[in-house]
Each structure stands twice: as C-alpha cells, then as structure tokens.
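So the sequence shown is residues 19 to 837, counted in the UniProt record's numbering.
Where is the CB? At the ideal position from N, CA and C, for every residue including glycine.
The model shown is predicted, which means the values in this text are computed figures rather than measured ones.
This report concerns only the one structure given below.
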Amino acid sequence: DEGREEFRRGSAVDALTRAILDHLYFTQARPLTLATRNDWYMALAYAVRDRMLDDWLKSLSHLRNRELKIVSYLSAEFLMGPHLGNNLVNLGIMEPAREALAALGQDLDELLRQEEEPGLGNGGLGRLAACYLDSLATLRVPAIGYGIRYEFGIFDQEIRDGWQAEKTDKWLRLGNPWEICRPEITYEVKVGGHTERFTDEKGCVRVRWVPNKVVKGVAYDTPVAGYRSGVTDLLRLWKSEAVESFDFQAFNVGDYYRAVEAKIFSETISKVLYPNDEPEIGKALRLGQQYFFVSCSLQDMVRIHLLRENSLDTFAASFAVQLNDTHPSIAVAELMRLLVDEHQFEWDAAWQITRATLAYTNHTLLPEALEKWPLPLFASILPRHLEIIYEINRRFLDEVRLVHQGDDQLAARLSIIDENGERYVRMAHLASVGSHAINGVAALHTELLKQTVLKDFYEIHPELFRNVTNGVTPRRWMVLSNPGLTRLITERIGDGWVTNPDELRGLEPFVADQTFQSAWQKVKRENKSVLAGVIKARTGIVVDPASLFDVLVKRIHEYKRQHLKVLHIITLYNRIKHDPQADVTPRTFIFGGKAAPGYFMAKLIIKLVNSMGEVVNSDPDVADRLKVVFFPDFNVTNGQMVYPAADLSEQISTAGKEASGTGNMKFSLNGALTIGTLDGANVEIREEVGAENFFLFGLTAAEVSDLKSGGYDPRKWYGEKTELREAIDQIAGGLFSHGDRGLFQPLVEHLLNRDDYLLLADYQAYIDCQDRVSAAFRDRKRWTEMSILNVARMGKFSSDRAIREYCSDIWQASPLPQD
Ligand code: 26Y
Numbered sequence: 019d020e021g022r023e024e025f026r027r028g029s030a031v032d033a034l035t036r037a038i039l040d041h042l043y044f045t046q047a048r049p050l051t052l053a054t055r056n057d058w059y060m061a062l063a064y065a066v067r068d069r070m071l072d073d074w075l076k077s078l079s080h081l082r083n084r085e086l087k088i089v090s091y092l093s094a095e096f097l098m099g100p101h102l103g104n105n106l107v108n109l110g111i112m113e114p115a116r117e118a119l120a121a122l123g124q125d126l127d128e129l130l131r132q133e134e135e136p137g138l139g140n141g142g143l144g145r146l147a148a149c150y151l152d153s154l155a156t157l158r159v160p161a162i163g164y165g166i167r168y169e170f171g172i173f174d175q176e177i178r179d180g181w182q183a184e185k186t187d188k189w190l191r192l193g194n195p196w197e198i199c200r201p202e203i204t205y206e207v208k209v210g211g212h213t214e215r216f217t218d219e220k221g222c223v224r225v226r227w228v229p230n231k232v233v234k235g236v237a238y239d240t241p242v243a244g245y246r247s248g249v250t251d252l253l254r255l256w257k258s259e260a261v262e263s264f265d266f267q268a269f270n271v272g273d274y275y276r277a278v279e280a281k282i283f284s285e286t287i288s289k290v291l292y293p294n295d296e297p298e299i300g301k302a303l304r305l306g307q308q309y310f311f312v313s314c315s316l317q318d319m320v321r322i323h324l325l326r327e328n329s330l331d332t333f334a335a336s337f338a339v340q341l342n343d344t345h346p347s348i349a350v351a352e353l354m355r356l357l358v359d360e361h362q363f364e365w366d367a368a369w370q371i372t373r374a375t376l377a378y379t380n381h382t383l384l385p386e387a388l389e390k391w392p393l394p395l396f397a398s399i400l401p402r403h404l405e406i407i408y409e410i411n412r413r414f415l416d417e418v419r420l421v422h423q424g425d426d427q428l429a430a431r432l433s434i435i436d437e438n439g440e441r442y443v444r445m446a447h448l449a450s451v452g453s454h455a456i457n458g459v460a461a462l463h464t465e466l467l468k469q470t471v472l473k474d475f476y477e478i479h480p481e482l483f484r485n486v487t488n489g490v491t492p493r494r495w496m497v498l499s500n501p502g503l504t505r506l507i508t509e510r511i512g513d514g515w516v517t518n519p520d521e522l523r524g525l526e527p528f529v530a531d532q533t534f535q536s537a538w539q540k541v542k543r544e545n546k547s548v549l550a551g552v553i554k555a556r557t558g559i560v561v562d563p564a565s566l567f568d569v570l571v572k573r574i575h576e577y578k579r580q581h582l583k584v585l586h587i588i589t590l591y592n593r594i595k596h597d598p599q600a601d602v603t604p605r606t607f608i609f610g611g612k613a614a615p616g617y618f619m620a621k622l623i624i625k626l627v628n629s630m631g632e633v634v635n636s637d638p639d640v641a642d643r644l645k646v647v648f649f650p651d652f653n654v655t656n657g658q659m660v661y662p663a664a665d666l667s668e669q670i671s672t673a674g675k676e677a678s679g680t681g682n683m684k685f686s687l688n689g690a691l692t693i694g695t696l697d698g699a700n701v702e703i704r705e706e707v708g709a710e711n712f713f714l715f716g717l718t719a720a721e722v723s724d725l726k727s728g729g730y731d732p733r734k735w736y737g738e739k740t741e742l743r744e745a746i747d748q749i750a751g752g753l754f755s756h757g758d759r760g761l762f763q764p765l766v767e768h769l770l771n772r773d774d775y776l777l778l779a780d781y782q783a784y785i786d787c788q789d790r791v792s793a794a795f796r797d798r799k800r801w802t803e804m805s806i807l808n809v810a811r812m813g814k815f816s817s818d819r820a821i822r823e824y825c826s827d828i829w830q831a832s833p834l835p836q837d
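The structure is reproduced here in structure tokens:
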C-alpha cells in the first residue's frame with residue numbers, strides 16, 4: 019500500500035494542497051472561482067478526515083478482536099467543540115495545513131472560524147465526555163462514545179436589552195463533514211404498548227412486549243483521533259427515523275395520516291437537546307430520548323459481541339459500559355430485557371452479566387437534580403422495563419431485609435421506587451443497584467455522596483464506591499487554544515508534557531527567571547488583547563488589556579453564585595463613588611454562560627449583570643477603572659478564547675454544591691489564579707498548586723450544613739455588613755433599573771428571606787479575599803510566579819490521568835499494543 023494515493027494520506031504541504039483542491043472540485047463540486055469560505059472549509063475538513071481513516075479503520079477492525087475490551091461511554095451529551103482545529107493538533111498537521119492554504123490564498127484561522135461547533139451538550143457533563151474520548155484515543159484504549167445526534171443542539175444565546183434570548187442552533191445547516199452516516203447500522207426501538215405472557219417451545223413462561231410504536235435508530239459515526247497515538251476511536255450518535263415497514267402497513271390499510279403522524283413522532287425523538295442541567299419532572303420525550311439511545315447502543319454492543327463470540331455469557335469481557343450520570347441508567351433494565359426476553363437468559367445469569375458490565379458516575383449532590391420519573395408516565399412508555407425494575411427491586415430489597423432484619427425504613431429509603439406520596443422511579447437508585455462501581459467526580463464530592471444522597475447504598479456496599487476526580491484534555495485546552503503559552507513552555511521543557519503533563523513541573527526552576535517571566539507576561543497580554551478585540555466586536559465595550567481580567571464563565575445557576583460576583587462589583591463601584599480618588603486596581607469583569615430557558619432566577623441574574631454593567635461602565639467617576647462585560651453565547655469555541663486570557667478564575671459556588679467543576683482546571687492550566695471556595699475539585703487544585711498560590715475564602719461544606727441546620731437568617735448579615743446592605747439596597751431601590759424597584763425584587767427577596775446559597779454569609783470573606791487579589795495583582799513579579807506555578811502543578815487534572823484511573827479501577831480495560 020505504501021505510496022498509494024499519497025495525496026490522500028500524506029501530511030506534506032503539497033499532498034495537502036492537492037487534497038484540498040481535489041475535494042473542492044470532486045466533493046464540493048466547485049470551481050476555484052466560485053468557492054465560498056464554506057467550500058474551502060469543507061474541502062479542508064474532508065482532506066483532514068481522509069488522514070484519519072487508516073487509523074480509524076484499523077481501530078474498527080479491533081472491534082472484531084475478542085481479546086480486547088471496548089469501553090462504551092454512554093452519554094446523553096457530547097459537547098465536542100469544533101473538530102477541525104483539534105484534529106489538526108492531534109494529527110500533527112496544523113502547520114502544513116496552514117501553508118497549504120496560504121499557497122491557495124486562504125487563511126487557516128478564517129476557515130477554523132467557519133466551523134459551527136456541534137453543541138450537543140449543556141455544559142460540564144457533556145464537555146467531560148468529550149475530554150474523555152480525546153484521552154481514550156490518546157491512550158490507545160478501544161472505545162465508543164454512544165449518544166444522540168440531536169438535530170438542534172444547545173440554543174445560541176443572544177443578549178437583547180440585557181436579557182437572554184434563545185435562538186435555535188442549526189448546526190447542520192451547511193453540512194457536517196466529520197460524520198459518516200451508516201444507513202446499514204440501524205436498530206428498532208419499541209415504545210409504549212403492553213406486555214403478554216406466553217409459553218415457549220421449551221415450556222418456559224416468557225414475556226412478549228407488544229409496543230404501540232416502533233422507531234428506528236440510524237448510526238452516524240464521527241472519528242475521534244488520539245494525540246499522535248495511531249488510534250482513532252469512534253463517536254456513534256443515533257438519529258431517530260420512522261420504520262419503513264410500519265409506514266407501509268398503515269398506508270396499505272389506507273390510514274395515511276396515521277402513518278405520517280408516526281413518522282413525525284419518530285423523527286421528533288432526536289430533534290432537540292433539552293437545554294436544562296436539572297431535570298423537569300414528567301417530560302415524556304426526554305425519557306423517550308434516553309431509552310432510544312440506550313437501546314440502540316446496547317443492541318449495537320450485542321451485535322458486535324456476537325461477531326466476536328457465539329455466546330453472550332462473556333459480554334462483560336467485551337464491554338465496559340459507563341453511565342454518564344443517570345441519563346442512560348435505563349440501560350440496567352434494557353440489558354436485562356435483551357438478555358432475558360430476547361436471548362432467553364435465566365434471570366440470575368443475566369443479572370450477573372448486567373452488573374459486571376455497567377458502572378455509574380454521579381455528577382450532582384443537589385437533591386432536586388436527581389432524576390425521577392412518575393410511575394404512570396414510565397409505565398406508558400416502558401411497560402416491560404417497569405416490570406423488570408419491580409423484579410430487580412424485589413430481589414434487591416429481599417437481600418437488604420435479610421441482612422438488615424427489621425429495618426423497614428432502610429428498605430424504603432433504598433427502594434428504586436419512591437413511595438412517599440406520588441410514586442416515582444428513582445434513576446440514581448436503579449443505576450446504583452445495577453452497577454459494579456459507583457463514582458463521584460472529585461474527592462469532596464465522593465465523600466459527600468457517601469454521606470448524603472447515596473448514604474444508604476454506601477453503608478450496605480462500601481466496596482462499590484470510588485472517586486475519580488475529573489480532568490480536562492491539555493490538547494484542546496492548551497495546545498489548540500493557547501498556542502503562545504504552548505510554544506513558550508515547549509521551548510523550555512520540550513513537548514512531552516502534552517501527554518505527560520506532570521512534566522510541567524519542569525517549569526518550576528524558571529519561576530523566578532526574569533526573561534521567562536517577561537515572556538510569560540507577554541503571552542498573557544497578547545491573549546488578553548485578542549479577547550479585548552472580540553469583546554469590542556461583539557458587545558461594543560472597550561476594555562483595557564492591562565487591567566485584571568476577572569472571569570466568571572459557566573452555566574448560570576444560583577448555586578454557582580454569579581450574583582455574589584455582582585455584589586462584589588457593586589461594592590467596588592460604591593467605594594469609588596464614595597471616594598472618586600480611591601486607589602482601585604483596574605479590573606475587567608467578564609461574565610459568560612447560558613441560563614436554562616425556563617429558569618427565571620437565572621435569567622434575571624443575566625439581566626442584573628447587564629443592567630449593573632451599564633451603570634458602572636458609563637459612570638464618569640469610574641473613569642474606565644471597572645468594566646463589566648457579559649460575553650454572549652459562552653460555548654466551547656468562545657471558551658477557547660476566554661480561558662487563555664484570564665488573570666483570575668472565579669470558582670465561588672457554595673461549598674458542597676459543585677460536584678467538581680472543570681472550568682476551574684482549564685483556567686489554572688492557562689495560568690489564571692483562582693479565587694474559590696473549598697468546593698468540588700477546587701479543594702484538590704489548591705492542594706496541588708499550594709495554598710499560597712490560591713485565593714481561598716468562604717464557609718466549608720461542613721460549616722454550610724451546620725449553619726443551615728442552626729436556622730440560617732440572612733437578615734443578620736444584612737444588618738451587620740454596611741457595604742453589603744448598601745449594595746442590596748441599591749439593587750432593590752432601582753439604581754440599576756432606571757428606578758424600577760420591581761425588576762430585581764424577586765432576587766432581593768430571595769436573598770433577604772431565604773438565601774439558600776448563603777451569599778450573605780460568605781459576602782465579607784469574599785470581599786476581603788478580593789482585596790487581597792487586588793493587592794497581589796499589583797506585584798507583577800509575584801503574580802507571575804504564582805501563575806507559572808499554577809501551570810506547572812496542573813498535571814493531575816489532565817483527563818489522561820482520569821481515564822487511566824477509570825481503566826484500572828472500574829473498567830479493567832487496557833491500551834492496544836503498539837503495532
Ligand atoms: C436531566 C437533564 C435535564 C440533565 C442534563 C444535563 C441534568 C444534568 C445535566 C448536566 C449536569 C452537569 O453538567 N453537571 C456537572 O458535571 C460536571 C462534570 O462532572 C461537573 O464538573 C460539575 O460540577 C457538574 O455540575
């Protein structure tokens with residue numbers, strides 16, 4: 019094969035040039051003279067995809083190799099971000115591609131901006147899945163990410179008159195060159211109907227599920243290249259379609275409209291991503307989506323396994339299936355159904371296989387964010403699964419009662435069915451009972467899991483619990499998004515850190531080095547200038563790259579306390595108003611993040627940020643020393659510009675509420691210092707970088723729960739803290755709403771009467787800590803040292819480390835041997 023079709027495989031400039039021209043003509047069907055920017059982007063993308071195919075097809079052939087365990091990452095969300103740049107980095111062809119395009123009169127950066135990112139996720143959980151696929155491929159572990167090919171991903175956010183407006187995300191509009199449709203890989207998925215008992219040829223009583231609808235899932239495959247690893251893994255997303263036979267049947271009996279309705283229903287399933295990061299009770303379509311992708315994925319695994327072996331007895335040796343939160347937890351009942359109903363397994367054997375295969379990752383402690391489905395709804399969509407769940411539950415609770423005789427309360431608390439009032443299926447319980455491992459996503463989170471939401475499970479089965487602290491991929495979040503810092507680091511310590519980021523420790527000897535420090539500052543300053551340009555273009559606001567870039571970007575949520583940051587800014591503003599000569603450290607406050615469309619308070623917080631910003635930004639007394647920016651449409655693409663330009667990373671959630679956080683890691687890796695509470699992975703970040711290089715404030719998780727159980731009264735803090743009272747009174751009094759006292763009243767009321775997230779209790783500690791930040795920023799040398807040390811000590815937070823832990827502690831999966 020050597021030398022064959024060099025122009026489709028080679029990474030030299032002329033091979034790439036020829037490949038791009040070839041795709042422009044033969045794939046895009048465009049003459050040079052008429053090619054649009056999108057044509058060039060598509061041609062380049064296909065040329066890059068071609069270069070992934072040898073490794074990919076090799077990896078796909080491993081699916082047939084019975085010796086190799088495949089990791090299946092089941093996730094309702096994969097927030098992959100733009101593919102082009104990442105693939106150029108991982109294949110090592112960024113520079114030749116740039117040159118090839120230049121020779122063709124095209125600018126690579128412009129084409130990179132042409133890609134519409136696949137926003138098939140809400141935030142942290144979906145982005146984690148994407149980082150994990152990058153690490154799996156980089157570590158040469160055979161893996162498939164299974165999910166849903168939403169036609170519309172997370173909405174695009176616009177800001178109109180300070181409010182969030184949602185626009186549909188039409189990411190497929192101009193085509194998707196990265197995916198390959200596999201019309202031959204399809205599965206049928208049943209929905210609704212009822213069950214029947216019958217006796218089979220062997221005289222066994224079996225169950226038949228008679229659905230009232232059947233839909234079809236079609237596989238769409240996207241290659242995921244490892245970083246120069248020679249392995250390309252697979253992201254397989256399911257699109258729902260109508261089953262042809264079903265149509266024809268209805269058509270034949272003349273019921274044309276019913277056939278059309280069935281088709282519409284079928285296509286609705288994968289239509290749109292739910293833009294919430296907390297469940298809404300009773301959304302039938304959401305349960306339909308979850309079952310749809312889980313069923314397709316498990317049927318696909320069964321097919322692959324049967325190509326390897328003739329019996330399903332060894333299924334757990336072929337696949338390690340990870341449940342990304344409870345969203346795919348119906349897999350517990352579906353795998354049982356496939357084994358028992360469709361493959362005639364005995365219950366006990368099937369149960370043993372199911373538990374050996376599945377493992378569950380929990381991502382939240384908030385009780386209101388735990389998924390549960392009303393029983394009647396569940397029964398109407400998945401009647402057979404409900405029966406199976408009852409049987410799983412009966413056997414599980416029998417065991418519990420046997421060991422813990424007389425403790426009926428315990429059984430009720432552990433039950434998969436919530437019977438306190440309205441009855442629900444508790445998905446976290448289903449996932450826990452059906453898994454051989456349960457993990458949290460940061461050390462503190464796992465400890466709290468064991469003490470709170472999964473306490474009873476931990477007490478009966480402590481051996482199931484693990485911690486795997488989250489990580490992020492240094493490829494996208496450093497090499498791709500921060501080429502300046504990447505170059506500087508690599509000049510000093512080589513490029514081994516990209517796959518072995520513990521090598522970043524090699525920067526420590528340079529921490530006080532004058533030349534290195536100025537080069538470091540220069541990179542940060544350039545990143546800030548670039549971001550300043552984008553801010554100007556998108557918001558019209560002019561910001562000074564010399565000021566401290568103080569950044570809070572993440573989904574908008576009360577527990578993440580964006581409004582605590584608002585109180586801080588108002589406090590600084592008031593200090594200036596009281597003394598216009600006051601010596602304040604100039605800061606640019608950058609907010610970003612989407613609010614769930616139905617989350618009123620979150621949307622009001624966005625409006626508050628913008629309204630407050632208008633007043634602060636235009637006040638002549640402020641004289642441009644404070645600038646407030648709400649950066650619209652925070653997503654992966656925008657994140658890649660924001661993290662590298664940050665001086666200060668805001669990680670200010672109420673302790674005990676943020677499971678891990680992963681933005682915190684991206685900031686620190688890019689040289690921002692953190693101001694944060696002891697929450698989620700902040701705890702471990704601080705441990706790694708050293709307490710002296712981290713701005714810590716606020717109550718601990720234990721103090722939070724003590725304060726709450728003692729009957730927390732926010733008015734006490736309001737009464738005692740003058741600056742706090744002034745800020746709240748100004749919001750209430752209409753200072754930021756043109757005198758309208760009604761606008762922010764719900765927010766103020768909540769703070770004064772409930773303050774579930776303890777903003778008032780943490781306010782003073784936060785302000786005092788921010789004063790220390792301001793002072794520290796004035797000592798350029800010390801700040802730069804801290805910044806370098808943050809980067810040097812981030813090794814632990816690589817997703818490679820996390821994936822190695824999953825492989826050894828949960829999946830028992832190993833890398834492919836080098837060939
Ligand atoms: C039920 C459905 C509407 C739903 C959809 C998305 C529920 C939750 C979510 C997303 C949750 C999420 O993103 N959680 C975050 O996971 C990150 C990765 O582990 C954590 O770092 C972060 O703390 C956690 O909030």
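Simplified DSSP assignment, three categories, for Leu97: For this step, residue 97 is matched to residue 79 along the sequence shown. It is coil, neither helix nor strand.
DSSP three-state assignment for Gln362, whether helix, strand or coil: The residue given as residue 362 occupies position 344 in the sequence shown. Gln362: coil per DSSP, three-state reduction.
Ligand 1 heavy atom lying under 7 Å from the CB of Gly141: Counted from its first residue, the sequence shown places residue 141 at position 123. Result yes, Cβ under 7 Å from ligand 1.
8 Å CB neighbourhood of Ile399 in its chain, flanking five on each side removed: Looking up residue 399 in the sequence shown gives position 381. So the qualifying residues of the chain are Val209, Gly210, Ala302, Leu305, Gly306 and Tyr309.
Continuous beta strand (DSSP E) stretch holding Gly502: start and end: Along the sequence shown, one-based indexing puts residue 502 at 484. Unbroken run through Gly502 is the alpha helix (DSSP H), Pro501 to Ile511; no beta strand (DSSP E).
Extent of the continuous beta strand (DSSP E) run through Trp801: The residue given as residue 801 occupies position 783 in the sequence shown. Careful: Trp801 lies outside any beta strand (DSSP E), inside the alpha helix (DSSP H) at Arg798 to Ala810.
Cα-Cα separation, Asp19 to Val66: What you label residue 19 is simply residue 1 of the sequence shown in a count that begins at 1. What you label residue 66 is simply residue 48 of the sequence shown in a count that begins at 1. The pLDDT assigned to Asp19 is 47, lower than 50, so where the model puts this residue is not dependable, and the model offers no usable value.
The region 154–166 in contact with the region 246–257 per 3-pair CB rule at 8 Å: yes
Three-state class that DSSP yields for Gly458 in the structure shown: As a position in the sequence shown, residue 458 is number 440, starting the count at 1. DSSP places Gly458 in strand when its eight states are reduced to three.
Beta strand (DSSP E) runs wholly inside the region 641–707, at least 3 long, in chain order: 644–648, 666–669 and 691–694
Glu738 (DSSP reduced to helix, strand or coil): Working through the sequence shown from its first residue, we reach residue 738 at position 720. Note: Glu738 maps to helix in three-state DSSP.
Pairwise C-alpha distance: Gly300 and Leu291: Along the sequence shown, one-based indexing puts residue 291 at 273. Along the sequence shown, one-based indexing puts residue 300 at 282. If you take the alpha carbons of Leu291 and Gly300, they lie about 16 Å apart.
As assigned by DSSP and simplified to three states, the class of Asn104: By 1-based counting over the sequence shown, the position of residue 104 is 86. In this structure, Asn104 counts as helix in the three-state DSSP scheme.
Ala30, DSSP secondary structure in three states: Taking the first residue of the sequence shown as 1, we reach residue 30 at position 12. Three-state DSSP puts Ala30 in coil, outside helix and strand.
Ligand 1 heavy atom lying under 7 Å from the CB of Gly679: The count along the sequence shown starts at 1 and reaches residue 679 at position 661. Yes, the Cβ of Gly679 comes within 7 Å of a heavy atom of ligand 1.
Closer than 7 Å: Asp295 CB and nearest ligand 1 heavy atom: Within the sequence shown, the letter at position 277 stands for residue 295. Asp295: yes, Cβ under 7 Å from ligand 1.
Endpoints, beta strand (DSSP E) assigned at Cys199: In the sequence shown, residue 199 corresponds to position 181, counting from 1. Note, Cys199: beta strand (DSSP E), Ile198 to Val209.
For Asp19, the three-state DSSP class (helix, strand or coil): Residue mapping note: residue 19 aligns to position 1 of the sequence shown, counting from 1. With a pLDDT of only 47 at Asp19, under the threshold of 50, the placement of this residue in the model should not be trusted; the figure read from the coordinates follows. Asp19: coil per DSSP, three-state reduction.
The region 462–472 / the region 368–379 touching (three or more Cβ pairs under 8 Å): no
Residues sharing a beta bridge with Tyr378, DSSP: Residue numbering aside, residue 378 sits at position 360 when the sequence shown is read from its first letter. Leu341 and Ile456.
Cβ shell of Leu626 (< 8 Å), same chain only, five flanking positions each side left out: Start at 1 with the first residue of the sequence shown, and residue 626 comes out as number 608. His581, Val584, Ile749, Phe754, Phe762 and Leu765.
Rounded C-alpha distance that separates Lys87 from Gln539: In the sequence shown, residue 87 corresponds to position 69, counting from 1. In the sequence shown, residue 539 corresponds to position 521, counting from 1. Their Cα atoms are separated by approximately 46 Å.
Leu50, buried or exposed, once every other Cβ within 10 Å from all chains shown has been counted against 16: Along the sequence shown, one-based indexing puts residue 50 at 32. Exposed is the call here.
Heavy atom of ligand 3 within 7 Å of Thr695 beta-carbon: This structure lacks ligand 3; its bound ligands are ligand 1.
Identity of the residues DSSP links to Tyr275 by a beta bridge: Taking the sequence shown and counting its residues from 1, the one referred to as residue 275 is at position 257. Beta-bridge pairing links Tyr275 to no other residue.
Residue span of the alpha helix (DSSP H) that contains Asn771, given as start and end: The count along the sequence shown starts at 1 and reaches residue 771 at position 753. Run containing Asn771: Gln763 to Asn771, per the alpha helix (DSSP H) assignment.
Beta-ladder partner(s) of Asp251, from DSSP: Counting from 1 along the sequence shown, the entry for residue 251 is found at position 233. The partner list for Asp251 (beta bridge, DSSP) reads Val242.
Rounded straight-line distance, which links the Cα of Gly171 to that of Lys188: Counting from one through the sequence shown, the residue named residue 188 turns up at place 170. Counting from one through the sequence shown, the residue named residue 171 turns up at place 153. Roughly 8 Å between the two C-alpha positions.
8 Å Cβ shell around Gly514 - same chain, five flanking residues per side excluded: Locating residue 514 in the sequence shown gives position 496, where the first residue counts as 1. Excluding residues within five positions, the ones whose Cβ falls inside 8 Å are Glu521.
Where Asn485 falls: helix, strand or coil (DSSP): Locating residue 485 in the sequence shown gives position 467, where the first residue counts as 1. Asn485 falls in the strand class under three-state DSSP.
heavy atom of ligand 1 below 7 Å from Glu676 C-beta: For the purposes of this step, residue 676 is taken as the residue at position 658 of the sequence shown. Answer for Glu676: yes, Cβ within range of ligand 1.
CB of Leu570 within 8 Å of CB of Asp665, strictly: Here residue 570 refers to the residue found at position 552 when the sequence shown is read from its first residue. Here residue 665 refers to the residue found at position 647 when the sequence shown is read from its first residue. Going by C-beta atoms, Leu570 is not nearer than 8 Å to Asp665.
Classification of Gly110 by the beta-carbon crowding that lies within 10 angstroms, buried from 16 upward: Mapped onto the sequence shown, residue 110 falls at position 92. Looking at its Cβ environment, which holds fewer than 16 other Cβ atoms inside 10 Å, Gly110 is exposed.
Distance, Gln469 Cα to Thr718 Cα: By one-based count along the sequence shown, residue 718 stands at place 700. By one-based count along the sequence shown, residue 469 stands at place 451. Cα-Cα distance, rounded: 15 Å.
Nearest-angstrom beta carbon gap, Ser629 and Gly180 [assumed within contact, 8 Å]: On the sequence shown, residue 180 is found 162 positions in, with the first residue counted as 1. On the sequence shown, residue 629 is found 611 positions in, with the first residue counted as 1. Confirmed, Cβ separation roughly 5 Å.
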